[in-house]
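All remarks here apply to the structure that follows.
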Amino acid sequence: MTLRTVEMALATPGVDAAGLPTRIPLGVAEDGPRYREDLGAERMLVNIGPQHPATHGVLRLVLELEGETVKRCIPHIGYLHSGFEKLGEYRHYNQIIPLTDRTDYLSPMANNVCLAQAVEAMMGLELTERCKVLRVIACEMSRIISHLVWLGTTGIDLGAFTPFLWSFQERERIYNLQEAWTGARLTTSLTRVGGLMADIPDGWEAGLRDFTNTFPKTLQEVDTMFTRNAIWIGRTQGVGALSAEEAINYSLSGPMLRASGVDYDVRKDRPYLDYETYDFDVPVGEYGDIYDRYRVRLEEMTQSNRILEQALDRLSRLQGAPINVSDPRVVLPPKSRAMSDMEAMIFHFKQVMEGVKPPVGEVDMGVENPKGELGYYMVSDGTSKPVRWRIRPPSFINLASLPTMCEGSLLSDVIAINASVDIVMGEVDR
Amino acid sequence: MSSVSPSVPALRSEFGAAVERHLVSSGQTIAYVSRDRSHDVLAWLRDTPGQEYNYLTDVTAVDYRDPERPLEVVYQLRSLGRKADLRIKVALDKRIPLEVRSVYDLWRGADWLEREVFDMFGVTFTGHPDLRRILMWETYAEGFPLRKDFPLRGHFSRAEQTRQALAANPEAHYSLEELSLADAYGELPKDMQERLARGERGFLK
Numbered sequence: 010m011t012l013r014t015v016e017m018a019l020a021t022p023g024v025d026a027a028g029l030p031t032r033i034p035l036g037v038a039e040d041g042p043r044y045r046e047d048l049g050a051e052r053m054l055v056n057i058g059p060q061h062p063a064t065h066g067v068l069r070l071v072l073e074l075e076g077e078t079v080k081r082c083i084p085h086i087g088y089l090h091s092g093f094e095k096l097g098e099y100r101h102y103n104q105i106i107p108l109t110d111r112t113d114y115l116s117p118m119a120n121n122v123c124l125a126q127a128v129e130a131m132m133g134l135e136l137t138e139r140c141k142v143l144r145v146i147a148c149e150m151s152r153i154i155s156h157l158v159w160l161g162t163t164g165i166d167l168g169a170f171t172p173f174l175w176s177f178q179e180r181e182r183i184y185n186l187q188e189a190w191t192g193a194r195l196t197t198s199l200t201r202v203g204g205l206m207a208d209i210p211d212g213w214e215a216g217l218r219d220f221t222n223t224f225p226k227t228l229q230e231v232d233t234m235f236t237r238n239a240i241w242i243g244r245t246q247g248v249g250a251l252s253a254e255e256a257i258n259y260s261l262s263g264p265m266l267r268a269s270g271v272d273y274d275v276r277k278d279r280p281y282l283d284y285e286t287y288d289f290d291v292p293v294g295e296y297g298d299i300y301d302r303y304r305v306r307l308e309e310m311t312q313s314n315r316i317l318e319q320a321l322d323r324l325s326r327l328q329g330a331p332i333n334v335s336d337p338r339v340v341l342p343p344k345s346r347a348m349s350d351m352e353a354m355i356f357h358f359k360q361v362m363e364g365v366k367p368p369v370g371e372v373d374m375g376v377e378n379p380k381g382e383l384g385y386y387m388v389s390d391g392t393s394k395p396v397r398w399r400i401r402p403p404s405f406i407n408l409a410s411l412p413t414m415c416e417g418s419l420l421s422d423v424i425a426i427n428a429s430v431d432i433v434m435g436e437v438d439r
Numbered sequence: 071m072s073s074v075s076p077s078v079p080a081l082r083s084e085f086g087a088a089v090e091r092h093l094v095s096s097g098q099t100i101a102y103v104s105r106d107r108s109h110d111v112l113a114w115l116r117d118t119p120g121q122e123y124n125y126l127t128d129v130t131a132v133d134y135r136d137p138e139r140p141l142e143v144v145y146q147l148r149s150l151g152r153k154a155d156l157r158i159k160v161a162l163d164k165r166i167p168l169e170v171r172s173v174y175d176l177w178r179g180a181d182w183l184e185r186e187v188f189d190m191f192g193v194t195f196t197g198h199p200d201l202r203r204i205l206m207w208e209t210y211a212e213g214f215p216l217r218k219d220f221p222l223r224g225h226f227s228r229a230e231q232t233r234q235a236l237a238a239n240p241e242a243h244y245s246l247e248e249l250s251l252a253d254a255y256g257e258l259p260k261d262m263q264e265r266l267a268r269g270e271r272g273f274l275k
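Line by line, the protein sequences give chains A and S. Residues in the first sequence are numbered from 10 upward in steps of one, following my numbering. Residues in the second sequence are numbered from 71 upward in steps of one, following my numbering.
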């Protein structure tokens, strides 16, 4: 049996003509030896997942081991495939927004923003100042909660429980803010084409200001706990390293790319939402190992906190400013006017029945999501439903480098490497 | 609206008629290249000084609602150093087999991206070392889900889909092995033994 055959047999066990499994039975024939005398020369196939807590979702890895060294790693994905891209072709642009919540469900607000940005770019809409600031706040809050989940779960994977509690405690505060803003903790569906679903409620800024004031202390504690911790350093330094050339060759993005020493951040290099006017730094690693990815993500949270503070300052100067564009073909009129004004009612009807209609054309909208560069490539034929809604999933593309990183490492490092990629299977499988 | 990327005139002078046409949409430049030269064009864009599109952002495909219109394979290129983007498209006539040369040898990142396009659209990438389905399972027989002639609910009826899923369900076989290992198989009632041998699960009778 060649390796390829073994892999295929593991991947797709079939049934023979009698309906019985074709896989090699686990037991042995009565007359044969019960166990082999020497397993030293044998390579072992180990299956991890799809139901395994350390694979961060329904990822399945088939590992070929020689002793404890990984010779080959074959990821199998698709267990959570929901056909979002196909579903999007049957929905109005605003109806796609709830689907985006469910792709990368650890940063739903950032996905909502990306979709609205893509449609607005096709229509050439200029957003209001307050909407841009609120969207920046949404993106940066998403970055913080996503990185906090990464930090907590990676810590647990490597045996540290306390930072998990700290990070989830902080994450809870952002979820409370999301709930106060949108009514939902996870499925936020925050944006609409041309603006937002709702403005922030009264007193909401104070809650976020309280968070930005106290959050650096938690980061400081995590830094104390991890950065010079001998166990953490031993498990992460020099493990799963990718050079800058490899990172570019594998099309990595986000913290994975920057940890390898490539200074590319979509917020700086292809700016959107006026990110170029905010003062923040892009952390870049040196060795491209798990430790650098940790350092980059930790620093990104600090920088996100800085951006949030600046955005709050801008928001205080924009009290009462509109959040939606004034174009009635894009944004629903207020309900009170729709019930009393004929013209507003017509626009309301057209909006609900037909939806937004971007002109014929296409756009590739890239935004810097916590996991990496999320790209929505949309093709419009002038109707209210897209011809194609392509999600460029950062987790999927980053995960494709996993076999290279794992080969030659130890079995226990596979867990650490897989955690360092920061995948979310809702987005990998879509 | 920004203007055409300066890479397009350079491409035209290098490849001539292989660059079929170009257009600008939402400020982003799109160049259509012929299928036979697509690999040469992409390699040239990657390696030529002044172009340096060293980063493959994405590979995807578009099937238009008009059934006469060719299917397009889309390459999103980026130069990380120059901070420039370019979209290259290859139009594939649907009346002949959908085939284009793989760029796996230029960017390893194309590995899973091309497998996904193959899985969802049925485009064969010649030269790809491991071209098989990635999101759908390997025995998936309904076709290519993102083609426009593929209905939203799939080609097969729900009963047929369930039957095939049961036949391919690895867990059903695994539990049979588990049972035989645990010597519990012989103690089961006969109809349950038969159902397990057929690969069915108890709750999905």
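For each residue, glycine too, the CB sits at the ideal point set by N, CA and C. A quick note: this is a predicted structure, and the numbers were derived from the prediction, not measured.
Are there 16 or more other CB atoms within 10 angstroms of the CB of His-225(S), so buried, or fewer, so exposed? exposed
In or out: Pro-200(S) buried (at least 16 other Cβ within 10 Å) or exposed? Residue identity check: residue 200(S) is Asp in the sequence provided, not Pro. Exposed.
Using only the alpha-carbon positions, how far apart do Ala-267(S) and Lys-260(S) sit? 11 Å
Residue environment, Val-74(S), which counts as buried when at least 16 other CB atoms sit within 10 Å: exposed
From the beta carbon of Thr-413(A), is the nearest beta carbon of chain S less than 9 Å away? yes
Asn-258(A): contacting residues in chain S (beta-carbon distance under 7 Å): Trp-177, Arg-178 and Gly-179
Counting only beta-carbon separations shorter than 9 Å, does Gln-98(S) have a partner in chain A? yes
Assigned exposure category for Glu-264(S) - 16 Cβ within 10 Å defines buried: exposed
Take Glu-138(A) as the anchor and find which of Gly-204(A), Val-128(A), Asp-113(A) and Val-122(A) has the nearest alpha-carbon. Gly-204(A)
From Gly-197(S) to Asp-110(S), what distance separates their C-alpha atoms? 14 Å
Answer with yes or no whether the minimum CB distance from Asp-219(S) to chain A is below 9 Å. no
Within 10 Å of its beta-carbon, does Thr-200(A) have 16 or more other beta-carbons around it, so buried, or fewer, so exposed? buried
Rounded C-alpha distance that separates Arg-100(A) from Ser-116(A): 22 Å
Could you check what DSSP says for His-357(A) in three-state terms: helix, strand or coil? helix
Applying the criterion that 16 or more other CB atoms from any shown protein chain within 10 Å of the CB defines a buried residue, is Gly-212(A) buried or exposed? exposed
Is the Cβ of Tyr-102(S) closer than 9 Å to any Cβ of chain A? no
Test: Asp-390(A) CB closer than 9 Å to a CB of chain S: yes
Is the beta carbon of Glu-184(S) sitting closer than 9 Å to the one on Leu-205(S)? no
N-terminal and C-terminal residue of the beta strand (DSSP E) that Gly-66(A) is part of: Here Gly-66(A) belongs to no beta strand (DSSP E), and DSSP marks it neither H nor E.
Min CB distance Arg-267(A) to chain S below 9 Å: no
Does any residue of chain A have a CB that is nearer than 9 Å to the CB of Tyr-145(S)? no
Would you please state the rounded distance, in angstroms, between the beta carbons of Pro-379(A) and Ser-151(A)? I believe it to be under 8 Å. 6 Å
Beta carbon proximity, Phe-273(S) to chain A, threshold 9 Å: With a pLDDT of 44 at Phe-273(S), under the threshold of 50, the modelled position of this residue cannot be trusted; read the value that follows with caution. Taking Cβ atoms only, chain A never reaches closer than 9 Å to Phe-273(S), which makes this a no.
Does the beta carbon of Val-372(A) sit closer than 9 Å to a beta carbon anywhere in chain S? yes
I need the DSSP call for Leu-168(S), collapsed to helix, strand or coil. coil
I believe Leu-228(A) touches Met-310(A) by the beta-carbon criterion, under 8 Å. Please report the beta-carbon distance rounded to the nearest angstrom. 6 Å
Considering only residues of the same chain and omitting the five flanking positions on each side of Thr-194(S), which have a CB-CB separation below 6 Å? Glu-169
Is Glu-122(S) helix, strand or coil by DSSP? coil
Looking at Glu-382(A) and Ile-100(S), is the spacing between their C-beta atoms short of 9 Å? no
If distances are taken between C-alpha atoms only, which option among Asn-314(A), Pro-368(A) and Ala-425(A) comes closest to Cys-148(A)? Asn-314(A)
On the DSSP letters alone, give me the boundaries of the alpha helix (DSSP H) that Ser-151(A) sits inside. 138-166
Mind pulling the chain A residues with CB within less than 7 Å of Tyr-174(S)? The premise fails here: Tyr-174(S) is roughly 11 Å from chain A at the closest Cβ pair, so nothing lies under 7 Å.
Kindly identify the DSSP beta-bridge partner or partners of Phe-195(S). Val-170(S)
List, in chain order, every chain S residue whose beta-carbon is nearer than 7 Å to that of Phe-405(A). Trp-182
Partners in chain S for Val-396(A), counting only beta-carbon separations shorter than 9 Å: Val-132, Asp-133, Tyr-134, Arg-135 and Lys-218
List the endpoints of the continuous alpha helix (DSSP H) containing Trp-489(A). As displayed, chain A neither begins before 10 nor continues past 439, which places residue 489(A) out of reach and without an answer.
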